[in-house]
Amino acid sequence: MVFSSLVFLFAYLPLTLLIYYVTPRKWRNLFLFFINLLFYGWGEPMLVLLMVFNVAFNYLGGWLVDKYRHDRKKKKLFLILTIVLDVGILAVFKYTGLIVETLNHLPFMSLPDLKISLPIGISFYTFQTMSYVIDVYRDDAPVSKSFINFGTYLALFPQLIAGPIVRYRDVAEQMIHRRETLAMFTKGVKIFCVGLAKKVLIANQMGALTSALLADENNGILGVWVGIIGFSFQLYFDFSGYSDMACGLGNMLGFEFLKNFNYPYIATSITDFWRRWHISLSTWFKEYVYIPLGGNRKGTRRQIINLLIVWGLTGLWHGAAYNFILWGLYYGGMLILEKFVLKRFLDKLPAAAQHLYTLLLVIIGWGIFYFTDVTQLGSFLANLFNFGRGLGSQETLNTIISFLPMLVIAGFASTPFATNIYNRFARTRYIWIAETLFCAAVLFLSTASLVSQSYNPFLYFRF
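Each residue of the sequence shown is one higher than the last, beginning at 76 in this note's numbering.
Right, here's the structure in full:
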């Protein structure tokens with residue numbers, strides 16, 4: 076089940092909120108735990124067993140780490156065992172196919188493809204479980220005293236299948252003592268509607284443009300560039316929209332999640348871009364991989380190695396294919412170049428030039444991200460700068476022209492332009508009228524779009 080579906084919008088969500096608020100406060104986490112499992116197992120009930128197993132052994136792992144907190148050896152042993160099991164489950168479900176494919180390139184190897192289905196959201200909730208046990212080990216988070224509370228945290232449906240990656244230490248107090256208010260609920264509805272508009276009204280349109288232009292290699296250089304720009308917008312509005320909806324739903328239930336996107340397409344460097352894009356993932360890798368490896372504390376050579384390790388893992392986290400590893404190393408290499416070679420030069424450029432430089436590299440990076448087939452990726456990269464192929468056919472130009480208004484809207488919507496205007500009037504007396512009309516319009520238009528169109532993918536399901 077996805078947030079941008081009619082079943083969720085008009086059945087699951089209203090019933091969940093209604094029952095949640097009529098349930099006595101002391102039983103609300105128990106209700107959320109079971110309704111979370113219903114949400115997760117909607118399409119594949121067997122996934123519920125995997126989720127319950129994850130909850131159980133990580134709850135036990137955290138409990139054992141806390142129990143032996145004064146015995147360093149046992150404490151570390153239970154931490155390692157829990158992490159190994161977490162990573163092992165993720166590897167089996169997500170990377171078995173890649174491992175088999177890689178081994179089959181060796182002489183005399185012919186392993187069968189096991190066709191293991193990827194449980195949705197497994198990359199997100201695995202990182203949450205690992206952060207929990209690690210934080211308990213470091214005394215950065217309290218151990219959960221309640222199996223139900225911990226299960227509710229891990230399986231909480233707003234952020235279960237696509238993040239943001241919520242660390243237990245950030246919501247531990249909220250799991251026990253949150254207080255739902257009308258102001259927070261109203262705030263949540265507004266944020267959810269913004270996210271719904273991003274996903275249904277913009278991302279889906281950009282996805283249709285991308286499919287039309289990148290499916291055919293003969294669309295000319297203009298078709299290739301506009302196609303990958305469309306994908307850049309699709310991915311941003313798809314994922315940031317889903318994150319907004321998650322934060323909004325969290326507010327409706329009394330939770331406050333940290334922001335996951337901060338207008339990444341206004342960045343003036345690759346470093347700046349990754350401070351703004353998927354903030355919860357960048358924070359996770361920084362705190363649980365980069366810093367433990369030594370960060371920048373052990374000299375330049377070690378820092379470069381650490382950056383390459385982190386970004387190789389970041390790419391691998393996104394998908395079990397060679398292009399994702401290449402994508403991660405691409406960004407690792409660019410960040411190393413910026414930090415040690417380009418920084419002084421970039422700082423002297425006008426802000427517009429810095430912005431253009433960043434967008435160019437990000438768009439090329441999304442091309443690496445998009446094409447899982449290495450041969451297709453090579454053709455795409457060559458076609459980006461192949462001026463001999465012409466701008467494109469008349470059909471290509473007609474497609475671009477028909478989507479041009481949405482491209483302009485996406486461009487403005489990816490900047491703080493609308494937010495700045497809203498903030499100027501946010502405290503005025505009758506702003507609630509405009510907010511109500513906006514939410515009603517988004518719900519109406521999104522519903523009409525979902526009813527009339529079958530194209531409603533969610534890109535980060537595969538991660």
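The C-beta atom is built at its ideal place from N, Cα and C for all residues, glycine as well. These numbers come from a predicted model, not from an experiment.
- For the 9 Å CB-CB criterion, G329 and E255 form a contact.
- Taking 9 Å as the cut-off, the Cβ atoms of G316 and I277 count as close.
- For F308, the uninterrupted alpha helix (DSSP H) run begins and ends at 295–327, by DSSP.
- Counting the other CB atoms within 10 Å of its CB gives A272 a total of 16 or more, which places it among the buried residues.
- Counted as a single uninterrupted DSSP element, the alpha helix (DSSP H) harbouring D210 occupies residues 197–213.
- Selection L466, S468, Y207, F446 evaluated against L229 yields Y207 as nearest (Cα-Cα).
- Only residues of its own chain outside the window of five on either side were considered, and among them V264, K265, C268 have a CB closer than 7 Å to the CB of C514, listed in chain order.
- If you ignore the 5 residues before and after W117, its C-beta comes within less than 6 Å of the C-beta of M76, all in its own chain and listed in chain order.
- Counted as a single uninterrupted DSSP element, the alpha helix (DSSP H) harbouring W386 occupies residues 375–393.
- Rounded to the nearest angstrom, the Cβ distance from T91 to I110 is 5 Å, consistent with a contact under 8 Å.
- Here the alpha carbon of Y406 sits roughly 43 Å from the alpha carbon of T503.
- If you draw a straight line from the Cα of L124 to the Cα of A509, it is about 45 Å long.
- Every unbroken stretch of the alpha helix (DSSP H) spanning 4 or more residues and falling wholly within the segment 208–251 is given here in chain order: 222–230, 232–235.
- For F446, same chain residues with a beta-carbon under 8 Å away, outside a window of 5 residues either side, are N398, L452, F455 in chain order.
- Taking C-beta atoms under 8 Å as the contact rule, V385 and F360 qualify, at a distance of about 5 Å.
- In the structure shown, the three-state DSSP call for D146 is coil.
- The Cβ neighbour count for E413, taken over all protein chains shown within 10 Å, is at least 16; the residue is labelled buried.
- DSSP assignment within the segment 89–176 yields the following whole alpha helix (DSSP H) runs of 4 residues or more, N-terminal first: 103–115, 122–142.
- The beta carbons of H353 and F336 sit closer together than 9 Å.
- The segment 135–149 and the segment 215–222 touch, with no fewer than 3 CB-CB distances between them shorter than 8 Å.
- Of the candidates W392, I197, A166, I197 places its Cα closest to the Cα of L122.
- In this structure, T471 sits away from G270, with a CB-CB distance that is not shorter than 9 Å.
- Uninterrupted alpha helix (DSSP H) stretches at least 4 residues long and entirely within the segment 492–536 occur at 492–500, 506–527, given in chain order.
- For R144 and K150, the gap between their C-alpha atoms comes out near 6 Å.
- Our two residues, I209 and S524, have alpha carbons roughly 44 Å apart in a direct line.
- Using a Cβ distance threshold of 9 Å, N381 and T227 do not count as a contacting pair.
- Around G387, the same chain offers I400, G403, L404, G407 as residues with beta carbons nearer than 7 Å, after the five sequence neighbours per side are excluded.
- When secondary structure is reduced to three states using DSSP, D188 falls in the coil class, being assigned neither helix nor strand.
- Of the other Cβ atoms in all chains shown, fewer than 16 fall within 10 Å of the Cβ of N498; this residue is therefore exposed.
- Non-local beta-carbon contacts of F78 in its own chain, meaning distances under 6 Å to residues more than five positions away in sequence, involve M320 in chain order.
- Using a Cβ-Cβ distance cut-off of 8 Å, the segment 170–180 and the segment 389–398 are in contact, since at least three pairs of beta carbons, one from each stretch, lie closer than that value.
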